[in-house]
Structure formats: C-alpha cells, structure tokens
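Those protein sequences? They're chains A and E, same order as listed.
Each step along the first sequence adds one to the number in the numbering used here, with nothing skipped, and position 75 is 75.
Each step along the second sequence adds one to the number in the numbering used here, with nothing skipped, and position 30 is 30.
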Amino acid sequence: MLAATVRVTRDLDLAEEAVQDAFVEALRVWPHDGVPDKPGAWLTTVAKRRALNAMARAKTLDTKLPLLLERDEDDLPDEDFIGDDRLRLVFTCCHPALAREAQLALTLRLVCGVATADVAHAFLISEATMAARITRAKKKIAAARIPYVVPEPHELPERLDAALTVIYLLYTTGHTAPAGDDLVRDELTARALDLARMLHGLLPGGEAAGLLALLLCHEARRGTRTDAHGRLLRMSEQNRTAWDRERIAEADALIVAALRAGGRGRFLLQAAIAALHAQAPSYEQTDWPQILELYDALLRVWPSPVVALNRAVALAEVEGPQAAIAAVDALEGVDGYRYLHSTRADLLHRLGRDGEAADAYQRALQLTDNVAERTFLEERRAPR
Amino acid sequence: MAQYAVFLYERVAPEDLPPEIMQRHEQMPERAAELGGRIVAGMALQPPDTSTSIRKGELTDGPFLETKEVLGGVFVIEARDLDTALAIAKLTPVVEGGVEVVPLLDFQVL
Numbered sequence: 001m002l003a004a005t006v007r008v009t010r011d012l013d014l015a016e017e018a019v020q021d022a023f024v025e026a027l028r029v030w031p032h033d034g035v036p037d038k039p040g041a042w043l044t045t046v047a048k049r050r051a052l053n054a055m056a057r058a059k060t061l062d063t064k065l066p067l068l069l070e071r072d073e074d075d076l077p078d079e080d081f082i083g084d085d086r087l088r089l090v091f092t093c094c095h096p097a098l099a100r101e102a103q104l105a106l107t108l109r110l111v112c113g114v115a116t117a118d119v120a121h122a123f124l125i126s127e128a129t130m131a132a133r134i135t136r137a138k139k140k141i142a143a144a145r146i147p148y149v150v151p152e153p154h155e156l157p158e159r160l161d162a163a164l165t166v167i168y169l170l171y172t173t174g175h176t177a178p179a180g181d182d183l184v185r186d187e188l189t190a191r192a193l194d195l196a197r198m199l200h201g202l203l204p205g206g207e208a209a210g211l212l213a214l215l216l217c218h219e220a221r222r223g224t225r226t227d228a229h230g231r232l233l234r235m236s237e238q239n240r241t242a243w244d245r246e247r248i249a250e251a252d253a254l255i256v257a258a259l260r261a262g263g264r265g266r267f268l269l270q271a272a273i274a275a276l277h278a279q280a281p282s283y284e285q286t287d288w289p290q291i292l293e294l295y296d297a298l299l300r301v302w303p304s305p306v307v308a309l310n311r312a313v314a315l316a317e318v319e320g321p322q323a324a325i326a327a328v329d330a331l332e333g334v335d336g337y338r339y340l341h342s343t344r345a346d347l348l349h350r351l352g353r354d355g356e357a358a359d360a361y362q363r364a365l366q367l368t369d370n371v372a373e374r375t376f377l378e379e380r381r382a383p384r
Numbered sequence: 001m002a003q004y005a006v007f008l009y010e011r012v013a014p015e016d017l018p019p020e021i022m023q024r025h026e027q028m029p030e031r032a033a034e035l036g037g038r039i040v041a042g043m044a045l046q047p048p049d050t051s052t053s054i055r056k057g058e059l060t061d062g063p064f065l066e067t068k069e070v071l072g073g074v075f076v077i078e079a080r081d082l083d084t085a086l087a088i089a090k091l092t093p094v095v096e097g098g099v100e101v102v103p104l105l106d107f108q109v110l
C-alpha cells in the first residue's frame with residue numbers, strides 16, 4: 001500500500017502520512033458501513049486520494065513534483081501490479097546513490113514496515129542514529145529525484161546485488177528478531193521470500209536464484225530452530241524429519257541449475273552450503289569437507305569476517321576445535337558480533353577450557369536481548 | 001524536469017588539459033540531448049591562484065577550500081531524474097579527478 005502510494009506522491013513522508021490517514025479513515029467508516037470486499041484496495045485508494053489532495057494543497061506541486069503520475073489514478077492495483085510496485089520501491093531504496101547502510105535501513109523501514117528501533121538494533125547502532133539516517137535518506141530520494149522504477153536490463157545485474165543483500169538482511173532480521181520475545185517474525189520472513197521470488201522472476205538464475213534458494217533452505221528448517229518451550233536448538237539437536245523437504249528440493253533444483261550455468265556468486269555459494277546442511281541425514285554425516293571447500297570459495301568472492309567465522313565452524317568439524325579456535329582468534333573487527341563470542345565459547349568448551357568458555361558466553365549474553373537467545377546462552381554458560 | 005549542478009574537480013590545470021578533453025567538452029550538449037537531458041549553463045573557472053576569498057569581510061588570496069582537486073568548472077543540467085543526471089555527469093571529460101552532482105533547490109532562481 002505504501003509502495004502504491006509512493007508511486008503517486010514520489011515523496012515517502014507524504015505517502016506514509018497518507019497511508020496512516022487511510023487507516024484512521026477505515027477505523028471511522030468500517031464499523032459503520034461494514035468492511036469493504038477488498039480492504040487492501042480500499043485502503044490503497046483512500047491513501048492515494050489523501051496523498052493527491054495533500055499535494056494539490058502544497059504550492060510546490062509543479063516545482064518539486066512534476067512527475068507525479070506515471071499511470072492514471074483509476075488504474076486499480078491487481079496482485080501483479082502491487083508486486084511490481086513493491087519491487088520498484090525496493091530498487092529505489094537500494095539505489096547506488098544511497099550509502100549501503102541507508103539502503104538497508106530504508107528497505108527495512110519502508111518496504112517491510114520494520115520499526116526504526118528494530119532496524120537500529122539489527123545494525124548495532126542507536127535508534128536516534130538510525131532515525132537520522134532514515135530521514136536523511138528519504139530527503140535525498142525526494143531532493144535528488146532518485147527514480148522510482150525497476151532498472152533497465154543493462155543496469156540490472158549491478159543494481160540487483162544491493163537489492164539481494166538488503167532482502168537477505170531483511171530475512172535474517174525476521175529470522176532472529178534481535179529484541180523481544182518473537183524469535184521469528186513470520187511477516188518479515190514471508191515478505192523477504194516474496195521479494196526474493198519476485199527478483200528471481202525478473203532476472204532468473206544466478207544470484208537471484210542463489211538468494212531464493214538460500215532463503216528456502218533457512219525457511220525449511222525454521223520450525224525446528226526452537227523446542228516447544230521456545231528454547232533455541234543447535235543444528236545438531238534439531239529434528240531433521242521435520243525439515244520441509246519440498247522447500248529443500250526446490251532450493252536444490254535452483255542451486256544445481258545456477259551452478260551448471262556457471263554461477264559462483266556469494267548468494268549461490270551460501271545457498272549451496274545451506275543445502276548441504278539441509279540434505280545431510282545427520283549432523284555427523286554432513287559433508288563437512290565439501291562445506292569447507294565452499295566456504296573457501298565464498299571467502300574468495302566475499303572476504304568478510306562473518307564468513308570466516310562460519311568457515312571456522314566447518315573447520316572444527318574437519319580438523320578439530322584447536323584449528324578452529326586459532327582461526328577465530330585471528331579475526332579482527334567483529335567484537336560487537338554476538339555469534340563470534342558464542343562460537344568461541346563453544347569451541348573453548350569442546351577443548352575443555354571451561355573458564356574461558358564461560359567468559360565468552362557472558363560476552364555473547366551482553367550483546368543480545370532476544371529472550372530465546374539469552375536462555376540458550378545462559379544454559380550453555382552453566383557448567384554441564 | 002529537475003535541475004542539477006555538476007561540479008567538476010580536476011587535478012590537471014586548465015592550460016595543461018589535452019585538446020581531446022576540450023573537444024569532448026564541446027560535445028557535451030549533444031551527448032546530453034541523446035540521453036534525454038539538456039545542459040542549461042556551463043562555465044569554466046580560471047585556476048584557483050587567481051581567486052580571492054572573503055570571510056567575514058576579510059580578504060584572503062586564494063581559494064576558500066584548499067583541496068588537491070580543484071573546482072575547474074560548474075554546469076547546470078536538466079534531467080528527468082537522478083539516473084539520467086548521473087548518466088550525463090558520467091560523460092564529463094576529466095583527466096584526474098571527478099564530478100559531484102547536486103540537485104538544485106529551486107530551478108527558478110535565475
């Protein structure tokens with residue numbers, strides 16, 4: 001709805017206001033007249049009308065916003081059209097003229113409606129800093145007229161990587177909501193999957209296929225990440241029979257086709273790793289040597305400390321925890337990353353260095369306020 | 001159409017610019033038109049050692065900001081959106097340096 005309204009206004013703040021107005025209007029009208037047949041379409045129409053009225057009032061109409069309408073207002077959105085609008089909004093938010101941090105923040109905030117506090121948390125910065133970042137980015141979009149369009153085919157590959165990164169981070173934010181009790185925010189993850197499918201439809205194969213397959217693998221295992229009490233489970237403890245075979249098979253087909261076509265991008269390699277995990281009959285029977293090989297390939301195209309950390313976990317299975325802890329301790333610049341400390345703690349524990357392990361769990365605990373994660377870490381910290 | 005200022009920063013002094021760079025400057029209006037935009041105005045600046053800066057009424061000999069890249073020229077372009085403006089700005093001939101694209105606040109100033 002926000003996306004459809006932005007297409008009319010080309011002004012994000014104005015569109016957000018109009019959408020809020022539409023909800024207020026619904027609260028007033030629906031109890032009286034009943035809920036309309038298509039509540040979504042009703043709200044969108046009202047929001048667009050509000051936005052148009054607001055713009056007509058503004059004297060700046062012909063100077064600031066001359067490209068208001070690309071289509072007629074009466075052109076009522078059908079399902080595909082809404083999808084296309086969301087895609088345009090994604091590409092606007094992921095425009096290369098915006099800093100990467102701004103792209104991420106804006107997409108989470110505007111495409112997915114994540115609260116600013118949660119967006120801030122996902123990127124380990126304060127809410128005030130994040131709010132300022134979002135405001136600045138929105139101002140730039142309006143003032144510099146960052147276009148609200150799906151990029152031309154020749155620009156698409158370049159523009160796609162930014163969008164894929166943003167969608168992936170969006171999924172992981174929903175997957176492990178950093179604050180509060182909801183470990184999984186179904187809506188966030190579902191929207192990320194929708195967006196990944198849409199992008200894959202637009203540019204099939206390659207990295208778009210990789211992202212979609214990666215999300216499918218995560219999604220296939222999602223229900224088994226916690227037990228009945230909401231306690232986090234490690235992959236070795238998860239009930240593999242409950243993993244969604246259909247999704248894993250869909251991911252596998254995407255990965256095989258994209259690899260055959262010569263794809264070696266970072267999303268595709270991550271998907272291949274996730275699929276190997278998902279297809280292993282047990283944790284012990286996982287093909288760790290191949291996973292380690294894929295991590296080596298991944299580090300070449302994407303030299304990131306987070307990848308190096310995950311590679312260390314695979315290394316522990318192939319060469320033992322001693323080699324892995326050396327690799328982890330060599331990492332720099334990730335002290336604020338809570339999984340670094342929980343991974344270290346786990347490796348230290350396996351080496352019998354329990355005192356150091358307890359300290360590392362403590363450090364990881366300081367870095368999360370997700371209840372499920374806290375419980376998990378507290379249990380690990382206690383001597384077993 | 002929106003308007004943008006394009007600031008051209010160049011390390012090479014104007015008198016040392018090769019002739020093909022000057023030639024490409026002359027072709028800019030035509031290239032901009034091909035992209036659906038327009039060059040509204042353009043000006044080339046004398047070197048910064050000819051400039052005079054004024055701060056609170058005090059005169060100083062030289063540029064306001066000392067930078068390695070010198071502001072060598074400014075032009076104003078008209079484009080439908082930032083993508084078009086950036087495409088035009090990318091055509092700006094620069095030997096060593098770059099350009100900065102800034103949307104204009106109000107294009108009816110002049």
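Just so you know, even glycine gets a beta-carbon here, dropped at the ideal spot from N, CA and C.
Span of the beta strand (DSSP E) around residue i
i, result
"residue 285/A", "No beta strand (DSSP E) holds residue 285/A; DSSP gives it neither H nor E."
Environment of residue i [buried if 16+ CB atoms lie within 10 Å]
i, result
"residue 48/A", "buried"
"residue 368/A", "buried"
"residue 118/A", "buried"
"residue 242/A", "exposed"
"residue 153/A", "exposed"
"residue 198/A", "buried"
"residue 75/E", "buried"
"residue 284/A", "exposed"
"residue 72/A", "Annotation note: pLDDT 33 at residue 72/A (below 50); position unreliable, no value reported."
"residue 91/A", "buried"
"residue 90/E", "exposed"
"residue 59/E", "exposed"
"residue 50/A", "buried"
"residue 105/E", "exposed"
"residue 31/A", "exposed"
"residue 43/E", "exposed"
"residue 370/A", "buried"
"residue 80/A", "Unreliable positioning characterises residue 80/A in this predicted model, as indicated by a pLDDT of 45, which lies under 50. The coordinate reading is nonetheless provided below. By the 10 Å Cβ count, residue 80/A comes out exposed."
"residue 61/A", "With a pLDDT of 35 at residue 61/A, under the threshold of 50, the modelled position of this residue cannot be trusted, and the question is left open."
"residue 34/A", "exposed"
"residue 5/A", "buried"
"residue 376/A", "buried"
"residue 232/A", "buried"
"residue 54/E", "exposed"
"residue 2/A", "buried"
Interface partners of residue i on chain A, CB under 9 Å
i, result
"residue 89/E", "Those do not exist, as residue 89/E stays about 11 Å from chain A at its closest Cβ, beyond 9 Å."
Contacts that residue i makes with chain A (C-beta to C-beta distance below 8 Å)
i, result
"residue 8/E", "Under the 8 Å cutoff, chain A gives no residues; its nearest Cβ is about 18 Å from residue 8/E."
"residue 82/E", "95, 97, 144, 145, 146 and 147"
"residue 47/E", "Within chain A, no residue comes near residue 47/E; the closest Cβ sits about 30 Å away, beyond 8 Å."
"residue 103/E", "143, 144 and 145"
Per DSSP, cross-strand counterpart(s) of residue i
i, result
"residue 97/E", "10/E"
"residue 53/E", "60/E"
"residue 38/E", "78/E"
"residue 71/E", "9/E"
"residue 92/E", "DSSP lists no partner for residue 92/E."
"residue 4/E", "77/E and 103/E"
"residue 44/E", "73/E"
"residue 226/A", "232/A"
Listed by chain order, chain A residues near residue i by CB distance under 7 Å
i, result
"residue 2/E", "145"
Range covered by the alpha helix (DSSP H) that runs through residue i
i, result
"residue 342/A", "338-350"
"residue 256/A", "245-260"
"residue 276/A", "266-279"
"residue 168/A", "156-175"
"residue 1/A", "It is not in any alpha helix (DSSP H) - residue 1/A carries neither H nor E in the DSSP assignment."
"residue 134/A", "127-144"
"residue 218/A", "206-221"
"residue 310/A", "305-319"
"residue 13/A", "12-33"
"residue 105/A", "100-106"
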